[in-house]
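This report concerns only the one structure given below.
Residue numbers (my numbering): 168 to 618.
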């Protein structure tokens with residue numbers, strides 16, 4: 168249209184220059200010029216408006232991405248909005264009449280409506296009038312909407328081992344009628360599995376291991392010989408701590424490094440409930456409460472938890488040791504195939520251990536190693552030094568028990584990883600928070616633009 172209009176105008180002018188005085192022709196040309204000029208003006212302004220639309224979308228995109236990054240870094244919604252508005256201004260937004268800027272988190276519409284991991288920004292601006300201002304009294308507004316969201320894409324492998332208390336005290340009642348502490352723990356542990364174990368297991372894996380413990384840890388017939396160097400007798404498959412140089416390390420079992428058999432060591436039990444442990448004539452924990460190495464099988468993991476039964480005393484140092492073993496690459500000779508832990512490399516694998524207890528550790532077997540509390544703390548220190556993140560969940564910790572309080576607080580990697588719970592709801596919330604934190608530790612920065 169532009170070329171035709173220009174050619175027509177040029178032809179008319181040439182005819183006039185050549186002396187063509189035909190009145191009708193002159194009249195037609197005179198009438199055509201405003202339409203031609205108007206068309207050219209509208210064409211130019213339309214191109215400018217298209218560019219303004221793209222510019223407005225850039226403002227909205229920059230603002231939504233900036234707001235979500237700020238929120239992921241811990242900023243409040245109001246602080247994130249200030250960041251977003253500043254990012255929009257850097258892309259040309261001016262807060263003036265005819266312009267609006269709105270931010271919502273969660274978004275109010277679209278596929279991400281109601282999702283707390285997303286931010287919605289809408290920018291509205293008035294289109295400028297240049298040549299077309301002689302034809303139009305006002306221009307329309309242009310609006311752009313942008314949604315930024317944070318995905319759950321793993322950027323590294325994730326391994327989480329849960330040390331779960333199945334001692335007799337877990338049969339105790341909670342504030343919820345008919346729900347025991349064991350029931351509450353089962354629900355909490357299963358909620359963690361649902362969050363941590365991802366449906367997509369490539370290129371990175373996300374696995375969970377289970378370490379139920381009481382007076383010992385039951386390793387089952389599959390691993391008993393490999394960790395003790397002995398053949399199981401009858402149904403005895405529980406083990407206790409080892410002694411000597413390797414007591415507080417993640418060295419794999421072997422000559423001089425074998426785990427001790429509960430069947431033989433129970434008569435040497437120490438602690439407030441030693442006489443009960445010495446007299447027991449069955450596996451503690453029971454076979455249905457045997458440990459389970461790293462797995463991606465949610466169904467089997469949760470089924471294992473459902474079968475837990477509670478009996479025995481609290482030898483938390485043994486549970487702590489096994490939680491470490493199950494994420495230690497040094498145990499690859501025992502934990503083979505899909506259960507093999509990845510190497511210690513924080514850039515490639517996030518390793519975490521969750522210790523659940525009232526932290527009143529009351530049973531141990533090797534007097535030269537120190538009390539159960541002393542052994543637990545030493546294991547925690549060494550495990551953290553190896554690169555494992557430790558979370559502690561104190562379930563009804565006695566505030567008057569200084570040893571328990573110290574162990575509960577100091578075993579964790581830092582104060583943000585210490586959880587105190589006294590109710591079923593708090594227990595589930597703590598495990599969900601830990602699951603989210605562990606998942607976050609393995610996630611890459613996956614802030615993206617959505618719809």
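Glycine is no exception: its CB is placed at the ideal position from the N, C-alpha and C atoms.
Per-residue burial, residue 543 [other beta carbons within 10 Å of its own, 16 or more giving buried]
Classification for residue 543: buried.
Out of 574, 556, 520, point me to the one whose CA is closest to residue 564's CA.
Per the Cα distances, 574.
Are the segment 386-406 and the segment 513-529 touching by the rule of at least three beta carbon pairs closer than 8 angstroms?
Fewer than three beta-carbon pairs drawn from the segment 386-406 and the segment 513-529 are found closer than 8 angstroms, and the two stretches are therefore not classed as touching.
Decide if residue 275 is buried, meaning its Cβ has at least 16 other Cβ atoms within 10 Å, or exposed.
Its Cβ having fewer than 16 others within 10 Å, residue 275 is exposed.
What first and last residue would you give for the alpha helix (DSSP H) that runs through residue 445?
Bounds of the alpha helix (DSSP H) holding residue 445 are 441-446.
Whole-Å CB distance - residue 268 paired with residue 379, under 8 angstroms assumed
At roughly 54 angstroms, the Cβ-Cβ gap does not stay under 8 angstroms, so residue 268 and residue 379 are not in contact.
Residues that residue 367 bridges to, as DSSP identifies them
In the DSSP output, where bridge partners are listed per residue, residue 367 has none listed.
Residue 248: buried (16+ other C-beta within 10 angstroms of its C-beta) or exposed?
Burial call: buried.
For the alpha helix (DSSP H) that residue 410 lies in, which residues bound it at each end?
Per DSSP, residue 410 belongs to no alpha helix (DSSP H) and is neither H nor E.
With H, G and I counted as helix, E and B as strand and the rest as coil, what does DSSP make of residue 323?
Of the three classes helix, strand and coil, the one that applies to residue 323 here is coil, per DSSP.
Please classify residue 458: is it buried, with 16 or more other beta-carbons within 10 angstroms of its beta-carbon, or exposed?
That one is buried.
Residues that DSSP places opposite residue 293 in a beta bridge:
Looking at the DSSP assignment, residue 293 forms a beta bridge with 308.
Could you tell me which residues DSSP puts in a beta bridge with residue 332?
In the DSSP secondary-structure assignment, residue 332 is bridged to 380.
Where residue 500 falls, given that 16 or more other Cβ within 10 Å makes a residue buried:
Residue 500 comes out exposed.
Name, in chain order, the residues that DSSP records as bridge partners for residue 360.
For residue 360, which the question treats as bridged, DSSP gives no partner whatsoever.
Ordered along the chain, which non-local residues of its own chain (more than five positions away) have a Cβ less than 6 angstroms from that of residue 617?
For residue 617, where only same-chain residues beyond five positions count, the Cβ hits under 6 angstroms are 279, 314, 316.
Meets three-Cβ-pair contact criterion under 8 angstroms: the segment 449-456 and the segment 337-349
Of all C-beta pairs linking the segment 449-456 to the segment 337-349, fewer than three are shorter than 8 angstroms, placing the two stretches out of contact.
Taking the continuous alpha helix (DSSP H) assigned at residue 432, which residues delimit it?
429-432 is the span of the alpha helix (DSSP H), which, as asked, contains residue 432.
Let's test the definition: count the other Cβ atoms within 10 Å of the Cβ of residue 260 and tell me whether it reaches 16, buried, or not, exposed.
It counts as buried.
How big is the Cα-Cα spacing for residue 570 and residue 355?
Each residue's Cα considered, the two are about 26 angstroms apart.
Simplified DSSP state of residue 555, which is helix, strand or coil:
Annotated three-state conformation of residue 555 is coil, per DSSP.
Go through its chain and collect everything with a Cβ distance to residue 410's Cβ below 8 angstroms, but skip five positions before and after it.
Excluding five sequence positions before and after residue 410, the CB atoms of its chain that fall closer than 8 angstroms to its own CB belong to 427, 533, 535, 536, given in chain order.
Please classify residue 284: does DSSP put it in a helix, a strand, or coil?
Assignment of residue 284 by DSSP, reduced to helix, strand and coil, places it in the coil class.
Do residue 438 and residue 545 come within 8 angstroms of each other at the CB atom, strictly closer than that value?
The Cβ atoms of residue 545 and residue 438 lie no closer than 8 angstroms to each other.
What does the alpha-carbon distance come out to for the pair residue 512 and residue 518?
Residue 512 and residue 518: Cα-Cα distance of roughly 9 angstroms.
Please report how far the alpha carbon of residue 623 lies from the alpha carbon of residue 308, in whole angstroms.
Because the chain spans 168 through 618 in this model, residue 623 falls outside it and cannot be assessed.
Among residues of its own chain, excluding the 5 on either side of residue 233, which ones have a beta-carbon nearer than 6 angstroms to its beta-carbon?
Only 250, 251, 254 meet the Cβ criterion.
If the criterion is Cβ atoms closer than 8 angstroms, does the pair residue 325 and residue 609 meet it?
Taking a C-beta distance under 8 angstroms as the contact criterion, residue 325 and residue 609 qualify as a contact pair.
If you run the structure through DSSP and keep just helix, strand and coil, what is residue 229?
Three-state result, residue 229: helix.
Outcome for residue 510 when other beta-carbon atoms lying within 10 angstroms are tallied against a minimum of 16:
Under a 10 Å Cβ-count criterion, residue 510 is classified as exposed, with fewer than 16 other Cβ atoms of the shown protein chains found around its own Cβ.
Just the Cα atoms here: how many angstroms apart are residue 235 and residue 614?
Between residue 235 and residue 614, the C-alpha separation is close to 8 angstroms.
Mapping DSSP to helix, strand and coil, what is residue 518?
Strand at residue 518.
Classify residue 482 as helix, strand or coil using the three-state DSSP reduction.
Three-state result, residue 482: coil.
At 4 residues or longer, and completely inside the segment 559-590: list those alpha helix (DSSP H) runs for me, N to C.
Look at the segment 559-590 and you find these whole runs of alpha helix (DSSP H), each 4 residues long or longer: 569-577.
Can you pull the DSSP bridge partners for residue 400?
As DSSP reads the structure, residue 400 sits in a beta bridge with 403.
How many Å lie between residue 228 and residue 239 at the Cα?
Straight through space, the alpha carbons of residue 239 and residue 228 are spaced by roughly 17 angstroms.
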